[in-house]
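Okay, structure first, notes after.
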């Protein structure tokens, strides 16, 4: 019982994002844009700036700390 409660808390705390999502980070890129496209997922997350197309590789833990919110989900953009 206690293990399932801990698992639920961890799932609620973990932010949901996926491949192809456009995300907003806590700090903007030096080019002035704050929107990034997730282009690779694994232990590291590779994202590309939507303003200047600069690519950045971050460890998953650091990416999750710096993630503010998902602006556009890849599933939403395909359906429209």
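Residue numbers (full-length UniProt numbering): 1 to 80.
Built from N, CA and C at the ideal position, the CB exists for glycine as well.
- Looking at the backbone, the Cα of residue 72 and that of residue 30 are separated by about 22 Å.
- In the DSSP assignment, residue 59 falls within the unbroken beta strand (DSSP E) covering 55–59.
- Cβ-Cβ distances below 7 Å link residue 49 to 29, 31, 33, 36 in the same chain, with the five nearest sequence neighbours on each side left out; the list follows chain order.
- Sixteen is the threshold: since fewer than 16 other Cβ atoms of the shown chains lie within 10 Å of the Cβ of residue 56, the residue is exposed.
- Take residue 75, set aside five residues on each side of it, and the residues of its chain with a beta-carbon closer than 8 Å to its own are 18, in chain order.
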